[in-house]
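Going down the list, the sequences are from chains A and B.
To convert, note that position 120 of the first sequence is 120 in UniProt numbering; the numbers rise steadily by one, no gaps.
To convert, note that position 108 of the second sequence is 108 in UniProt numbering; the numbers rise steadily by one, no gaps.
Notes follow the structure.
Number of protein chains: 2
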Amino acid sequence: MKDVAMQIPSYQDMLDAHDRIRPHIRLTPVRVSDYLNELTGAQLFFKCENFQEPGAFKVRGASNAVFGLSEEQAKLGVATHSSGNHASCLSYAAMLRGIPCNVVMPRTAPQAKKDTVRRYVGRITECEPSTSSREETFARVQAETGGDFVHPYNDPRVIAGQGTCSKELIEQTDGLDIVVAPIGGGGMISGTCLTLSTLAPETQVIAAEPETADDAYRSFKAGRIIADDAPKSVADGLLVPLKDLTWHFVSNHVAQIYTASEQEIVEAMKLIWKHLRVVAEPSSAVPLATILKNSAAFRGKRVGIIITGGNVDLDRLPWNN
Amino acid sequence: MKDVAMQIPSYQDMLDAHDRIRPHIRLTPVRVSDYLNELTGAQLFFKCENFQEPGAFKVRGASNAVFGLSEEQAKLGVATHSSGNHASCLSYAAMLRGIPCNVVMPRTAPQAKKDTVRRYVGRITECEPSTSSREETFARVQAETGGDFVHPYNDPRVIAGQGTCSKELIEQTDGLDIVVAPIGGGGMISGTCLTLSTLAPETQVIAAEPETADDAYRSFKAGRIIADDAPKSVADGLLVPLKDLTWHFVSNHVAQIYTASEQEIVEAMKLIWKHLRVVAEPSSAVPLATILKNSAAFRGKRVGIIITGGNVDLDRLPWNN
Numbered sequence: 001m002k003d004v005a006m007q008i009p010s011y012q013d014m015l016d017a018h019d020r021i022r023p024h025i026r027l028t029p030v031r032v033s034d035y036l037n038e039l040t041g042a043q044l045f046f047k048c049e050n051f052q053e054p055g056a057f058k059v060r061g062a063s064n065a066v067f068g069l070s071e072e073q074a075k076l077g078v079a080t081h082s083s084g085n086h087a088s089c090l091s092y093a094a095m096l097r098g099i100p101c102n103v104v105m106p107r108t109a110p111q112a113k114k115d116t117v118r119r120y121v122g123r124i125t126e127c128e129p130s131t132s133s134r135e136e137t138f139a140r141v142q143a144e145t146g147g148d149f150v151h152p153y154n155d156p157r158v159i160a161g162q163g164t165c166s167k168e169l170i171e172q173t174d175g176l177d178i179v180v181a182p183i184g185g186g187g188m189i190s191g192t193c194l195t196l197s198t199l200a201p202e203t204q205v206i207a208a209e210p211e212t213a214d215d216a217y218r219s220f221k222a223g224r225i226i227a228d229d230a231p232k233s234v235a236d237g238l239l240v241p242l243k244d245l246t247w248h249f250v251s252n253h254v255a256q257i258y259t260a261s262e263q264e265i266v267e268a269m270k271l272i273w274k275h276l277r278v279v280a281e282p283s284s285a286v287p288l289a290t291i292l293k294n295s296a297a298f299r300g301k302r303v304g305i306i307i308t309g310g311n312v313d314l315d316r317l318p319w320n321n
Numbered sequence: 001m002k003d004v005a006m007q008i009p010s011y012q013d014m015l016d017a018h019d020r021i022r023p024h025i026r027l028t029p030v031r032v033s034d035y036l037n038e039l040t041g042a043q044l045f046f047k048c049e050n051f052q053e054p055g056a057f058k059v060r061g062a063s064n065a066v067f068g069l070s071e072e073q074a075k076l077g078v079a080t081h082s083s084g085n086h087a088s089c090l091s092y093a094a095m096l097r098g099i100p101c102n103v104v105m106p107r108t109a110p111q112a113k114k115d116t117v118r119r120y121v122g123r124i125t126e127c128e129p130s131t132s133s134r135e136e137t138f139a140r141v142q143a144e145t146g147g148d149f150v151h152p153y154n155d156p157r158v159i160a161g162q163g164t165c166s167k168e169l170i171e172q173t174d175g176l177d178i179v180v181a182p183i184g185g186g187g188m189i190s191g192t193c194l195t196l197s198t199l200a201p202e203t204q205v206i207a208a209e210p211e212t213a214d215d216a217y218r219s220f221k222a223g224r225i226i227a228d229d230a231p232k233s234v235a236d237g238l239l240v241p242l243k244d245l246t247w248h249f250v251s252n253h254v255a256q257i258y259t260a261s262e263q264e265i266v267e268a269m270k271l272i273w274k275h276l277r278v279v280a281e282p283s284s285a286v287p288l289a290t291i292l293k294n295s296a297a298f299r300g301k302r303v304g305i306i307i308t309g310g311n312v313d314l315d316r317l318p319w320n321n
């Protein structure tokens with residue numbers, strides 16, 4: 001077993017990541033809506049990571065890993081497994097550097113996400129939609145290609161990269177009482193904790209999770225990682241379990257984990273589309289869903305929300321099913 | 001007949017408008033997409049007026065009119081007729097100032113737009129979906145209320161207000177070869193001409209119009225206003241005819257008018273949602289549709305595009321019909 005303590009990224013790693021990736025990412029805008037502020041009684045600041053070129057915050061961690069490789073390492077490229085956005089973002093970053101990218105993806109991943117990976121010249125190997133099949137298939141692909149493994153979240157380079165998002169958010173908003181981000185494997189939440197625990201220690205970090213894939217919530221309550229195999233939710237970016245590095249941040253820095261039902265997530269997604277007029281994927285709507293459900297905890301507060309991604313199959317919107 | 005020469009807004013009117021409305025509008029961001037740049041061979045800069053609180057650029061002209069009223073005039077409020085966004089934007093501006101707003105709207109206007117007017121405390125009187133019925137109904141409403149008539153586009157205060165959008169766009173992009181905006185009655189296009197003819201006279205202004213409501217295109221070719229009664233298009237914000245003030249700008253400053261079919265508009269709308277990840281209404285997709293159709297005219301150019309609005313009924317998307 002690896003020495004976990006050695007791998008925990010530092011605040012300086014996050015600052016270095018920001019310098020490294022700045023030429024390759026967008027400084028995404030922060031959106032506000034008077035209507036949603038009235039509805040929640042809070043002041044909401046939505047950080048639009050769906051406006052990254054590949055449509056998700058994961059381009060931050062992926063770019064940090066890809067552009068941090070030595071020339072020699074870079075020749076063999078990178079490899080990963082992912083439910084979608086990490087795959088397209090790693091492919092995108094690898095394409096920018098001109099190196100190969102192999103990705104293992106569940107065959108059930110949205111077609112829009114597969115198309116995006118292929119547009120960025122990523123090579124897809126499909127697996128079954130379970131954690132076990134994913135890991136088994138990946139071991140084979142990685143052995144064949146020798147690409148550097150960039151885990152979607154349990155990688156210090158990735159966490160340091162994701163942490164750059166809340167650094168920008170704090171700078172763009174002049175301070176927040178709370179930041180809410182969705183939690184799946186915990187990469188964004190870990191990066192947020194990494195950054196805010198130094199930059200804005202008074203800002204609470206709250207994680208938002210689908211009720212039907214609430215393993216992080218149960219882990220948080222139990223004080224140890226509980227992993228489910230193949231949970232289901234409309235929030236298809238949030239179906240993977242916590243790992244050691246992300247558990248470190250979740251268990252040490254997260255103030256609360258709230259959950260929302262499938263219907264609440266879809267309703268919040270529609271509110272975001274209608275009133276912010278941005279295309280956010282279901283995973284990105286979980287924070288607003290939990291804020292609406294637990295409004296007393298947010299009333300009167302300045303609340304940052306990460307709109308984590310916007311890769312949606314427009315022909316299969318969840319409110320039309 | 002009024003003296004038209006007296007009513008043509010000046011560049012200084014536009015600058016004054018910007019100072020007047022700045023506290024009431026958003027400085028909307030400019031979005032870019034590497035994918036759409038590759039697809040068109042141009043460098044596209046999308047000005048996201050759909051991110052104004054009421055979801056459309058028309059809040060600029062409406063705010064300029066509302067906040068320019070004397071205290072005495074303001075007591076009777078404002079009144080207008082509109083296919084939708086001007087109505088909600090005028091209601092919004094009137095609500096901000098705390099004065100009444102009466103609007104005449106076609107009964108066939110999208111439910112989302114009616115809901116928005118009512119949310120902003122605007123009082124709706126419905127008419128038939130024809131220019132003649134609209135003008136007749138409005139005369140009655142205005143006589144009853146005495147509100148100051150703020151025409152959706154043929155009003156110098158409105159044109160000066162709309163002109164503030166391309167001022168920001170030029171400042172945000174460091175200069176453009178072409179600006180493309182949709183044309184209905186011509187308010188946005190006129191404001192764009194007003195601003196660019198002084199601020200960036202080397203920048204061409206191109207108007208984009210639905211083929212099935214191409215009265216501005218035919219007017220432009222004929223050298224005189226041709227008005228249709230009740231044309232039909234998925235681009236429901238573009239169904240009204242040019243009037244004397246907007247014709248002044250169209251005939252003097254517009255370089256070209258391009259048209260697009262209904263299918264091309266819907267396809268461009270999907271591209272905007274998918275790759276810019278913003279919710280744009282069909283009218284806002286007409287510029288991209290015409291750029292894709294006339295790509296030779298845009299290749300290699302720096303092209304500004306006004307995303308005019310984002311008020312869409314999410315339960316009735318045009319690609320699901």
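Where is the CB? At the ideal position from N, CA and C, for every residue including glycine.
Minimum Cβ-Cβ distance from residue i to chain B less than 8 Å
i, result
"Asn37 of chain A", "no"
"Lys270 of chain A", "yes"
"Lys221 of chain A", "no"
Counterpart residues of residue i in DSSP-defined beta bridges
i, result
"Ile206 of chain A", "A:Val180 and A:Gln256"
"Leu245 of chain B", "Per DSSP, none; premise fails for Leu245 of chain B."
"Met105 of chain A", "A:Glu126"
"Gly309 of chain A", "A:Ala56"
"Asp148 of chain A", "A:Val78"
"Val303 of chain B", "B:Leu44 and B:Ile178"
"Arg31 of chain A", "A:Phe46"
"Val278 of chain B", "A:Val278"
Neighbouring residues, chain B, relative to residue i (Cβ below 8 Å)
i, result
"residue 377 of chain A", "This structure cannot speak to residue 377 of chain A, because chain A is shown only from 1 to 321."
Contact list for residue i against chain A, beta-carbon separation under 9 Å
i, result
"Leu238 of chain B", "The contacting residues do not exist; Leu238 of chain B stays about 19 Å from chain A at best."
Where residue i meets chain B, residues with beta-carbon distance less than 7 Å
i, result
"Arg277 of chain A", "Asn50, Phe51, Gly55, Val278, Val279 and Gly310"
Residue-chain proximity (residue i, chain A), Cβ-Cβ < 8 Å
i, result
"Lys2 of chain B", "Reliability fails at Lys2 of chain B, whose pLDDT of 46 lies under 50, so the model's placement of it is uncertain and the value that follows must be treated cautiously. Chain A contact via Cβ: absent."
"Leu76 of chain B", "no"
"Leu314 of chain B", "yes"
"Asn320 of chain B", "yes"
Closer than 7 Å at the beta carbon, the chain A residues around residue i
i, result
"Ala273 of chain B", "Note on identity: in this sequence residue 273 of chain B is Trp, with Ala being the wrong assignment. Correct list: Val279 and Leu314."
Contacts of residue i in chain A (Cβ-Cβ under 8 Å)
i, result
"Pro29 of chain B", "Pro29"
CB contact below 8 Å: residue i versus chain D
i, result
"Asp229 of chain A", "The structure shown has no chain D; the protein chains it does contain are A and B."
Residue i Cβ short of 7 Å to the ligand SAH heavy atom set
i, result
"Val250 of chain A", "Questions concerning the ligand SAH fall outside what the structure shown contains, since it holds no ligand whatsoever."
Any chance you could list the beta strand (DSSP E) runs of at least 3 consecutive residues sitting entirely within the stretch 33-63 of chain A, in chain order? DSSP runs (the beta strand (DSSP E)) wholly in the stretch 33-63 of chain A: 43-48.
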